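Enquirer: Same order as they appear, the protein sequences are chains A and B.
Quick note on the working numbering: the first sequence kicks off at 1 and runs consecutively.
Quick note on the working numbering: the second sequence kicks off at 1001 and runs consecutively.
Here a beta-carbon is modelled for each residue, glycine too, at the ideal position from N, C-alpha and C.
In this text the structure is predicted, and so the values were computed from the model without any measurement.
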Amino acid sequence: MTETTLDWMALANRKPKGKRPEYFSDPHNEQAYSVLLALVGEVSVMRQRLDTVERLLETKGTISRADIENFVPAGDVAAERSDMTREYILRVMRGPMQAVEALEESEPPIETICDELLNN
Amino acid sequence: MSKVSSPPVPPYRAVKTHDVFPSVSHDEAARFDFLTHFNKFLASSLGRGNKLAYERRVLPAFRKEKARDPKDRFEIRNAMNRDPFHRLWSASKRNSMEMRQQNGRSIVLRQLDDLDARANALNEGKSTLQLDPTVQVPRYQSAVDIHCMPGCYHGEERPGDVSAGANYDCGIFATTAGALGGLSDGGGQAVAQWLKANYPNWKPRRVLDIGCTIGHNVVPLALAYPETEFIAIDTAAASLRYGHARAQALGATNITFIQHNGEDLSRWEEGYFDWVQTTMFLHELSGKALPQIINEGFRVLAPHGLMLHVEQPQYTPEMPLYEQFIRDWDAFNNNEPFWSAMHALDLKKVMQKAGFDEADLFVAGVKAVADRSIFPEAPTDETEDHGRAAAWHAYGAWKGGAPK
């Protein structure tokens, strides 16, 4: 076995073998959406790190990086952090979720309501 | 913070580690936490939009155009692939899979020297790991990278490494939203529990696990039957190296991992095994390899021996076409090219053709066994993560009848 000379930062991102399906009509949107979701994930990571820092400060008064790395949420803390992430995802994904609601309701366009109110 | 009704998603830190498990930093764990939640969100909250889009928009348009209903899951897929909601949902899910691979590979590759050394310490000089470099990776494992795992089960970043197995092990928790338990072994545990409950006196002498990858599901079986000799085979050396070290670390020393292709079991004589099984493996084969493996499995199975294949439910004529379509998503979007064809097979017929009597065939429902105080049971209603819910069908048969 040789010592690592691998550029692991680049290799981590390798494309899997197999043609990637196209989800949007414009290929730029595929890449923009991938960047966007990666950022959404990174914000969640930062929020969780901040939560860890706050909890450690509350209980210990001081913190070290090792404390952060060794932090294990359990019980109520795990449940609170689970709620935090769920709430975050629901808020970020508001647009697509509202599309689901719209499918449930099959509402008329706003112009139809304008016409209705004008004549009543 | 006020309580919400949704059951908490287990944190990544609830994962049980072992001597070859990669060390995971705070932020890497948080990345998996996000993906665990995001997968659950895609399966349940956002996922219900797929059926709504189908019923409210796609199906009416199909009927208008063709003056009939879709006749199979492929027609539904073609129509749904034009629907903007389904496209966004699919793009989200595909990205989630890719992000899981990115995080797993990042974790593993940055510490590969250490992981290789730890695996080596557990593997070196042990007769329970038998690698054979002449074994070819079959086309059905090399045509695409299954699960969008770069390198698939057999890939190496450098000769002899354990990167493929370690990446698979550390990320499966996020893909399955923790429903497989702390060691992601809920499937194997469920099989062990089912056997102990239904056949408490049965003591198999030798067991063959085909397509074991890193042994997630054979380890709990070996621990449940410590007197039994287990042989676990796979064509991917990269997975076997990690799997053997992992099994040793978990105390399952009664498993021999052998690099071998299940299509040819001639190295074992007729009737050598009391139990031949696969877990979530048949869907990663091919139209010719699957019956060949079952035929060979029948040959090496002893009288009153058990054959068992654990898979997601097969597509039967009773299963609605929409459900077949949504269960097929992984086939086309997560690099599972045999998934769709395999799930449409009549496994009972394949097993009968191999030599089993119809009367000896059975199908049992198995649900992942895990510590329910931490790991919630996977939903199996409309909010389930179709294709990877932790609930399966065990397609089984006793050769010449169950043992008395």
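1. What's the C-alpha gap between A1252(B) and P1313(B)?
2. If you measure from the CB of D83(A), is any heavy atom of the ligand COA nearer than 8 Å?
3. Taking three-plus beta-carbon pairs below 8 Å as touching, is the stretch 1238-1249 of chain B in contact with the stretch 1017-1027 of chain B?
4. Please give the ranges of any alpha helix (DSSP H) in the stretch 1270-1313 of chain B, keeping only runs that are unbroken, at least 4 residues long and fully inside the region.
5. List the residues of chain A that E1157(B) touches, going by C-beta distances under 8 Å, in chain order.
6. Taking only beta-carbon positions, decide if G18(A) is within less than 9 Å of chain B.
7. Which residues bound the alpha helix (DSSP H) around I1146(B)?
8. Which residues in chain A sit within 8 Å of V1144(B), going by Cβ to Cβ distance?
9. Examine the Cβ distances between the stretch 1072-1080 of chain B and the stretch 1029-1044 of chain B and report whether three or more of them are shorter than 8 Å.
10. Hey, could you find the ends of the beta strand (DSSP E) A1364(B) is sitting in?
11. If you count every other CB in all the chains shown that lies within 10 Å of the CB of I1326(B), and 16 or more means buried, which is it?
12. Following the continuous alpha helix (DSSP H) through F1230(B), name the residue where it begins and the one where it ends.
13. Measuring only the C-alpha atoms, how far is D1346(B) from W1275(B)?
14. Taking F1038(B) as the query, report the chain A residues whose CB atoms sit under 8 Å from its CB, ordered along the chain.
15. Would you decide whether C114(A) is buried or exposed? Buried here means 16 or more other CB atoms lie within 10 Å of its CB.
16. Hey, is G1271(B)'s beta-carbon within less than 9 Å of any beta-carbon in chain A?
17. Beta-carbon of G1387(B) versus every beta-carbon of chain A: anything under 9 Å?
18. Verify the CB distance criterion: does R1031(B) have a CB-CB separation below 9 Å to chain A?
19. Could you check what DSSP says for T1036(B) in three-state terms: helix, strand or coil?
20. Short of 8 Å Cβ to Cβ, which residues in the stretch 93-111 of chain A face chain E?
21. Which residues of chain A have a Cβ atom closer than 7 Å to the Cβ of A1053(B), listed in chain order?
22. Does the Cβ-Cβ distance between V45(A) and D1145(B) come in under 9 Å?
23. Take L1308(B) and list the residues in its own chain whose beta-carbon comes closer than 6 Å to its own, dropping the five residues that flank it on each side.
24. Give a yes or no on whether the minimum CB-CB distance between M1001(B) and chain A is below 9 Å.
25. Assuming Y23(A) contacts A1238(B) (C-beta within less than 8 Å), just tell me the rounded distance between them.
26. Output yes if chain B places a C-beta closer than 9 Å to the C-beta of E30(A); else output no.
27. CB-CB under 8 Å to Q48(A), same chain, minus the five flanking residues each way: which ones, in chain order?
28. Going by beta carbon distance, what residues of the same chain come within less than 8 Å of V1366(B), once the five residues before and after it are set aside?
29. With a threshold of 8 Å, are at least 3 pairs of Cβ atoms found where one atom belongs to the stretch 1199-1215 of chain B and the other to the stretch 1128-1138 of chain B?
30. Going residue by residue through the stretch 71-115 of chain A, where are the continuous beta strand (DSSP E) segments of at least 3 residues, counting only ones entirely within it?
31. Is there a Cβ of chain B sitting closer than 9 Å to that of T138(A), yes or no?
32. Out of curiosity, what's the CA-to-CA distance linking S1184(B) and H1216(B)?
33. Using a Cβ-Cβ distance cut-off of 9 Å, determine whether R81(A) contacts chain B.
34. Which whole-angstrom value is the C-beta distance of N1050(B) and W1089(B), which I expect to be below 8 Å?
35. Quick check: the Cα distance between K15(A) and A1174(B), rounded to an integer number of angstroms?
36. Once DSSP output is grouped into helix, strand and coil, what is the label at W1398(B)?
Expert: Once the coordinates are examined:
1. 29 Å
2. What this structure holds is no ligand at all, so the ligand COA is not there to describe.
3. yes
4. 1289-1299
5. L6, L11
6. yes
7. Segment: none, I1146(B) is in no alpha helix (DSSP H) and carries neither H nor E.
8. P16, K17, G18
9. no
10. 1361-1367
11. buried
12. F1230(B) -> not in any alpha helix (DSSP H); beta strand (DSSP E) instead, spanning 1229-1234.
13. 21 Å
14. G41, I89
15. exposed
16. no
17. no
18. yes
19. helix
20. Given the protein chain composition of this structure (A and B), no chain E is represented.
21. L103
22. no
23. Q1277, A1394, G1396
24. In this prediction, M1001(B) has a pLDDT of 49, which is less than 50 and means its spatial position is unreliable; what the coordinates show is noted afterwards. Judged by the 9 Å Cβ criterion, M1001(B) is in contact with chain A.
25. Actually they are not in contact, since the Cβ atoms of Y23(A) and A1238(B) sit about 31 Å apart, beyond 8 Å.
26. yes
27. R81, M84, T85
28. G1187, A1190, V1191, W1194, V1310, A1391, W1392, H1393, A1394
29. no
30. none
31. Residue 138(A) lies beyond the range of chain A shown here (1 to 120); nothing can be said about it.
32. 7 Å
33. yes
34. 6 Å
35. 19 Å
36. strand
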